[in-house]
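> The structure follows.
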Amino acid sequence: MVLRLHKEDICVKQTEASHVLLKDISKTFGSVTAIPELMLEIKKGEFFSLLGPSGCGKTTILRMIAGLERPDNGNITIGERIVAGAEWVPPEKRKIGLVFQDYALFPHMTVFKNIAFGLTGCFKNELKQKVMEMLDIVGLAEMAQRYPHELSGGQQQRVALARALAPSPQVMLLDEPFSNLDADLRMELRTETKRILKEKGTTTILVTHDQEEAFSLSDRVGVLNNGRIEQVAMPDEIYHRPLTRFVAGFVGRADFVRGRIEGDSVVSGIGIFPLTGPLDENIRHGLQDVDIMIRPDDVDFVIDPKGNASIIEAEFLGAEIIYKISLPDGKVIHSIRPSTKIFSVGSRISITVDPAHIVLFQSKE
Amino acid sequence: MFKKGRFGFMVVVAAVIGVMTFAAAVEKVYSQELVVYSGRGERLIKPVLDEFTKKTGIKITLHSAGTVELLNKLLAEGDRAPADVYLTVDAGTLERARIAGLLQPLKSEIIEKNIPREMRAADNSWTGLSLRMRVIAYNPQKVKPDEIKTFDSLMGPKWKGRLGIRTGSNVYPQSHTAMMIAEKGEAETEKFLRAITANAGDKIYPSDSRAVEAVAKGEVDVAIVNHYYVYGHLRKTPDDSKTLAFVVPPKSAYNVSGGGILKTSKNKEAAQKLIEFMASDEGQAMFAEENREYPVNPKISAHESMMKRDKFTLTTVPLATMGRYMMPAIDLIDKVGYR
Amino acid sequence: MKAKFTYLHIFAIGIAAVVAIPIVFTLFSALTVEPELWKRLYDTRLKVILPNTIKLLISVGVFTLLIGVTTAWIVTRYDFRGKRIWEWVLILPLAIPGYVLAYAYASIMAPGGAAQNIWSSVFGDVSKMPSLYSFWGVSLILSLVNYPYVYLLTRASLLNQNVKYHEAARVMGVPKWKRLWSINIRMAYPGIIAGLALALMEVMADFGTVALLRYPTFTEAIYRQMTARFDPSGAAALAFVLVTITFLLLNLERYFRGKRSFEQTKSGFKSQMPKKLNFRRTAVMTAVILLILGFAFFIPVAMLMSMAADAITKGGLDSRFIKFTLNTIFISAAGATIASILALPVAYLHARRPGILSKSVYYVSSLGYSLPGPVIAVGILLTVAMLFNWLYGSILLLLMAYVVRFMPISLQSQDSSISMVSRSMEDASRTLGAGAWKTFKNILLPLIKRGILAGWVVVFVDCMKELPATMMLRPLAFDTLAVRVWVEASESLWEMAALPALLIVLAGLIPLIIIIKRMGVQNGVEIT
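Residue numbers (my numbering), protein chains in the order written: chain U, 13 to 377; chain L, 204 to 542; chain E, 196 to 723.
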């Protein structure tokens, strides 16, 4: 059980390992504040994802790191060097790789030239070797003389990655690079991209609105809402121990059930759970109503004619089924069960919830 | 942008225009009058034609345009040409018309008596009517006459930037070139043309009168022109006699304005009357005098202000021979890039 | 849906035939020319005009690129005071036909003219002043009148460039100059090349400038072949070579482009933000633009105006001038009207009944626009000589030349306005019981009126400016304003040409207003 009964500060400190550091960054466009104030630290060699709904400011952050936008306030540091704020380093001097959502491959250049484009100051032989090496890495060696429009979407994505990697950037920025691909291809390219970037040890920042993508790729994930970081943590932590209701809701299905702290336990319509973990002053002094967050995969049930809950809907997903369950107080929660066994709609059931993963939030009322 | 109904109006307008133009195309003059295509200045030819009408009662419709333009028109119109008489400012073009079979051979005592043989076609299908020489106009303040005794003396490098010539697209330099080819062959002529175009640079004038004016104003020191342009300029501005004079090179290149009767003429008798009138003593005087040309009939004296006939000599090449070299001359002019 | 063959098709084929017949005659006569004549043409004409034409294409190409791309760059990439005005003033030189600009400069640089006075007070010896009647003179005049094609299309290309590519290059660490060249300029390539192609087509079609400045090229040679020699087969042979070069040039572009694509991703379109300029740089940019516009527009137009004013005080607005003006208006209006009417069935079929037949009819009917005036005139003269001898000297020939040369403009403007009308409107009309004709008359026609009218105006003005075909085909003594400008200017009667020249320039401004209006609405501009 996790208690989220008071506001916790997300504290960012510059550490030895930090590679990209955003400090007190703010950015407005006209009268719209995109980023009110932001602190973010990305460690060297880490695969970091910025996760959030569209319009949350994640692309703006990426563009500020790349140098394509200037922050209004605050400093951005890459490595040892301040690149924005006290000093300004233009994008071309930042040694950054950026893969665009639509790849932005130069349509009038061959694949070879696209990749070679960023390799300035190389000798011809060296250049050729380097480009072919990049093409080998992404498995497109035989496509060197093709033009981008002659390639499939997946191949284009690989060329974009190769092009961004070719100048050996210190930091790689990926702006929703998989969103234009079919589901199958997306899975395949994700693993491949991660493998390539991990092999190179490049610090990578991925911007995405797809939590599955963020979880499967990242060492750490930052969840962003309205230009604010809501939580920065490892994927499982984000999922199971969300810091805010927004995070809880955004990274997966979550239901909230009213509960009440009575002594050492939480009492609710879905069971009584012992309170674990350190208790806050607030709770001791009278704050007793809480909201309990539960994930559908933590809700189990058995058929029980005397049970006080009932199945009102079942959605077949293939390997799993999502059941909609009505509680006695009319509240609806969800449960995900393997489809090896199917329960019919209307069955009366009794439910059990795994207390290990529930999270308590302050009640809204 | 435009209101309802206007579009229909536009269609009607278009239809009307179409019918009108068609009518204009089909409309042709088939009257008893003579139709004259004239390349000679209207100012010069009109009084002569009026005099003819007064004498004979034969009315004349005059179409004035460029000499070559009219030849092209005749060539294109073929059998349908409405014209009876073709007057030009150049014998070469008349010979071209004869070669193309446009002109009617003529038997006429008046012509044979009055017009020297070398100034008409052998079959009299065209007749010279007024004589003009190609001369060198010069500025007496800057040039001594013995520096410019012949046209060839203009080839020297000392004339660079001092020589003015007329555009090669005109019949005067073309005939002059044809005459030269007849006299001394194509290779020599080519050398001459290259030399004078190089000397002239961009002092190439659209008309002889411009070239003469350029000499008078000191823009150039010498120019190759027809002689009467010098007289014309001095008549208008006598003060310029200090800066403008001309020399006639010995055995000078010359040309005639002249005319012929077209094979398509429906009224050849009247047409012959017109040509004979212009070849007559009276006609000759009228035809040449106003423009300060020489009558082709050597017996008729030129205007008193002009140089006497015995002061200069003409080349012995007959104009008909010159006419045969017109096309080679035009080709040569194009070849050396003389514009 | 398979297109049904109708009377409309027959009509359209007939219209295409009007265009095709002169071309076929020209081709036929050129291909049956005796080897002897080819040899003579080579010795006396081609040996001079071929290198001349190629040299001119190269130099005008370089100059128009330089001026057009620079000005387009300045107005798209920088933001400064006055830019909004310069943006459209820069296309004004399009209103001046080459022969008018050549004439204006010939008068300025004439002996005793303004240029000589300035030269002699600054450098002394007037004979050292560069001559306008030279290769460089012709190159500069033709560049000044034709750079707006490159300017307009490059500007459109630059404005339509997605900033993303530039950002991608930047992040890759590519230095500024390489980005500018490899991304900005190279991606504007289609626009730049299209503008260049238009400019060079104009150079090849130009007659008045080269003839006035005595620089022999193909058009002038064809004209002379007809006017000095009356040699239609020689003219056809030269026309054939010229048209071959034109088509080679047009295909050269396709060849160089190869498999490359310039299709940009449309997602998240944002154009590059123009850079705000400080006072000093604003002054520099304004000076550059003013320098170009001064030479291409303000100085010559001021000169024309002052000469025209002189001419008016000396009674230049006489009955002769009025007759020339009326001639011009009459023939241009007739040409534009006939072109607009004939274009309608062809454009309709092309837009509404797509098929090989309607496509080829449209293509053939559009051919005339890439043919220089003298070529069309020769084709028509040949056709007339062989088929309709009795038409010679009629104004119909001139109208035919105008239709062949300028109907493509009407076609294009009608075709695009028909395509913009949703087809379902006509379908709705048909389901409501209106027949094909009624639907066309009551639904389509009112909706495309503007397009037809716009095309009409452009054709009208182009007919007004047309010189070589008019010179070669006009009836005796039928002078238009363009012919007067040329005749008077080639006689160095500068003042006499001023009024007609000014009138032509003023008329030329009208279609530019249409272009400028479109510039305001959208960034991309098609030039008809």
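Where is the CB? At the ideal position from N, CA and C, for every residue including glycine.
As the structure is a prediction and not an experimental result, all values here were calculated from the model.
Using a 10 Å radius around the Cβ and a threshold of 16 neighbouring Cβ atoms, would you call E:T414 buried or exposed?
Against the third sequence, residue 414 of chain E aligns to sequence position 219. When all chains shown are included, E:T414 counts as buried.
> Can you check which of these residues, E:F451, E:V682, E:A534, is closest to U:H120 by C-alpha distance?
As a working note, residue 120 of chain U is residue 108 in the first sequence. Selected option, being the one with the closest Cα: E:F451.
> Do L:V428 and L:D411 come within 9 Å of each other at the CB atom, strictly closer than that value?
In the second sequence, residue 411 of chain L corresponds to position 208, counting from 1. In the second sequence, residue 428 of chain L corresponds to position 225, counting from 1. Going by beta carbons, L:D411 and L:V428 fall inside the 9 Å limit.
> Identify, in the order they occur along the chain, each residue of the same chain with its Cβ nearer than 6 Å to the Cβ of U:S395, setting aside the five sequence neighbours on each side.
Residue coverage of chain U in this structure runs from 13 to 377, which leaves residue 395 of chain U outside it and unanswerable.
> For the candidate residues E:L241, E:L289, E:L337, whose alpha-carbon lies nearest to that of E:I709?
Counting from 1 along the third sequence, the entry for residue 709 of chain E is found at position 514. Closest by C-alpha distance to E:I709, out of E:L241, E:L289, E:L337, is E:L289.
> From the DSSP output, which residues share a beta bridge with L:Y341?
Counted from its first residue, the second sequence places residue 341 of chain L at position 138. Answer is L:V425, L:A448.
> Quick one, are the C-beta atoms of L:V238 and L:V288 less than 9 Å apart?
In the second sequence, residue 238 of chain L corresponds to position 35, counting from 1. In the second sequence, residue 288 of chain L corresponds to position 85, counting from 1. Yes, they are a contact pair.
> Name the residue from L:R365, L:H430, L:Y375, L:A340 whose alpha carbon lies nearest to the alpha carbon of L:A294.
If you number the second sequence from 1, residue 294 of chain L lands on position 91. Checking every option, the nearest Cα to that of L:A294 belongs to L:Y375.
> Give a yes or no on whether 9 Å exceeds the smallest Cβ distance from L:E422 to chain E.
Position 219 of the second sequence, counted from the first residue, corresponds to residue 422 of chain L. Judged by the 9 Å Cβ criterion, L:E422 is in contact with chain E.
> Measuring straight from C-alpha to C-alpha, what distance separates L:I407 and E:L676?
The count along the second sequence starts at 1 and reaches residue 407 of chain L at position 204. The count along the third sequence starts at 1 and reaches residue 676 of chain E at position 481. So the two alpha carbons sit approximately 25 Å from each other.
> Give me the residue from U:R158, U:H31, U:S164, U:Q113 with the minimum Cα distance to U:P189.
Within the first sequence, the letter at position 177 stands for residue 189 of chain U. Considering only alpha carbons, the answer is U:Q113.
> Going along chain E in order, which residues have a C-beta closer than 9 Å to the C-beta of U:E104?
Mapped onto the first sequence, residue 104 of chain U falls at position 92. Here the neighbours are A364, R365, V366, M367, G368, V369, P370, K371, R374.
> Compare the C-alpha of U:P286 against each of U:I337, U:P367, U:M76, U:Q167 and name the closest.
Along the first sequence, read from residue 1 onward, the residue named residue 286 of chain U stands at position 274. Here the closest residue by C-alpha is U:P367.
> So what's L:S234 in DSSP terms, helix, strand or just coil?
Working through the second sequence from its first residue, we reach residue 234 of chain L at position 31. Interpretation of L:S234 is limited by its pLDDT of 44, a score under 50 that renders its predicted location unreliable; the figure taken from the coordinates is listed afterwards. Looking at L:S234 - three-state DSSP - the assignment turns out to be coil, as it is neither helix nor strand.
> Can you tell me whether E:I218 is buried or exposed, with buried defined as 16 or more other CB within 10 angstroms of its CB?
On the third sequence, position 23 is the one that residue 218 of chain E refers to. Buried, by the Cβ-count rule.
> Where do the ends of the beta strand (DSSP E) carrying E:N357 lie?
On the third sequence, position 162 is the one that residue 357 of chain E refers to. Premise fails: E:N357 is in no beta strand (DSSP E) and is neither H nor E.
> Below 8 Å, can you find three or more Cβ-Cβ pairs linking the segment 382–398 of chain E to the segment 340–347 of chain E?
yes
> Kindly indicate which three-state DSSP category U:A321 falls into: helix, strand or coil?
As a first step, residue 321 of chain U must be located in the first sequence, where it is residue number 309. Residue state, collapsed to three classes: strand.
> If you compare alpha carbons, which of L:R299, L:E245, L:Y457 is closest to L:T516?
Taking the second sequence and counting its residues from 1, one reaches residue 516 of chain L at position 313. When only C-alpha atoms are compared, the closest one is L:Y457.
> Within 10 angstroms of its Cβ, does E:D426 collect 16 or more other Cβ (buried), or is it exposed?
Residue mapping note: residue 426 of chain E aligns to position 231 of the third sequence, counting from 1. Looking at its Cβ environment, which holds 16 or more other Cβ atoms inside 10 Å, E:D426 is buried.
> In chain order, what residues of the same chain have a beta carbon less than 8 Å from the beta carbon of L:V418, not counting five sequence neighbours either side?
For the purposes of this step, residue 418 of chain L is identified with residue 215 of the second sequence, where counting begins at 1. Excluding residues within five positions, the ones whose Cβ falls inside 8 Å are A340, Y341, N342, G367, D424, V425, A426, T446, L447.
> According to DSSP, is E:G719 part of a helix, a strand, or is it coil?
The sequence position of residue 719 of chain E within the third sequence is 524, counting from 1. With a pLDDT of 42 at E:G719, under the threshold of 50, the modelled position of this residue cannot be trusted; read the value that follows with caution. It is coil, neither helix nor strand.
> Can you find the residues in the same chain that come closer than 8 Å, C-beta to C-beta, to E:E362, ignoring five residues on each side of it along the sequence?
The sequence position of residue 362 of chain E within the third sequence is 167, counting from 1. If we look at E:E362 and ignore the five residues flanking it on each side, it has no Cβ neighbours.
> Using the rule of at least 16 other Cβ atoms within 10 Å of the residue's Cβ for burial, across every protein chain shown, is E:N446 buried or exposed?
Position 251 of the third sequence holds residue 446 of chain E. Its Cβ having fewer than 16 others within 10 Å, E:N446 is exposed.
> Run through chain E and tell me which residues come within less than 9 Å of L:K538, C-beta to C-beta.
For the purposes of this step, residue 538 of chain L is identified with residue 335 of the second sequence, where counting begins at 1. Here the neighbours are D238, T239, R240, K242, V243.
> Would the segment 225–240 of chain U count as touching the segment 53–70 of chain U if we require 3 or more Cβ pairs under 8 Å?
yes
> Say whether chain E places a C-beta atom closer than 9 Å to the C-beta of U:A174.
Taking the first sequence and counting its residues from 1, the one referred to as residue 174 of chain U is at position 162. No, U:A174 does not count as interfacial toward chain E.
> What residue does the alpha helix (DSSP H) around U:D36 start on, and which one ends it?
As a first step, residue 36 of chain U is located in the first sequence; it is residue number 24 there, counting from the start. The continuous stretches of alpha helix (DSSP H) do not include U:D36, which lies in the beta strand (DSSP E) extending over residues 30–41.
> With 9 Å set as the bound, which would you pick, yes or no: does the beta-carbon of E:W331 sit closer than that to a beta-carbon of chain L?
On the third sequence, position 136 is the one that residue 331 of chain E refers to. Output row for E:W331: interface = no.
> Is the Cβ-Cβ distance between L:A532 and L:S378 less than 9 Å?
Mapped onto the second sequence, residue 532 of chain L falls at position 329. Mapped onto the second sequence, residue 378 of chain L falls at position 175. Yes. Within cutoff.
> Could you spell out the range, first to last residue, of the beta strand (DSSP E) harbouring U:R349?
Within the first sequence, residue 349 of chain U is the residue found at index 337, counting from 1. Unbroken beta strand (DSSP E) run through U:R349: 344–350.
> Taking 9 Å as the cut-off, decide whether the C-beta atoms of E:M666 and E:Y418 are in contact.
Position 471 of the third sequence, counting from 1, holds the residue named residue 666 of chain E. Position 223 of the third sequence, counting from 1, holds the residue named residue 418 of chain E. Yes.
> Nearest chain E C-beta to U:L110 closer than 9 Å, yes or no?
Start at 1 with the first residue of the first sequence, and residue 110 of chain U comes out as number 98. U:L110 counts as touching chain E.
> Using the beta-carbon count (16 or more within 10 Å), is E:V700 buried or exposed?
As a working mapping, residue 700 of chain E is identified with position 505 in the third sequence. Buried.
> Can you find a C-beta in chain E that's less than 9 Å from the C-beta of U:A46?
Your numbering for residue 46 of chain U matches position 34 in the first sequence. Taking Cβ atoms only, chain E never reaches closer than 9 Å to U:A46, which makes this a no.
> Give me the residue from E:L592, E:D274, E:K234 with the minimum Cα distance to E:N473.
As a first step, residue 473 of chain E is located in the third sequence; it is residue number 278 there, counting from the start. Per the Cα distances, E:D274.
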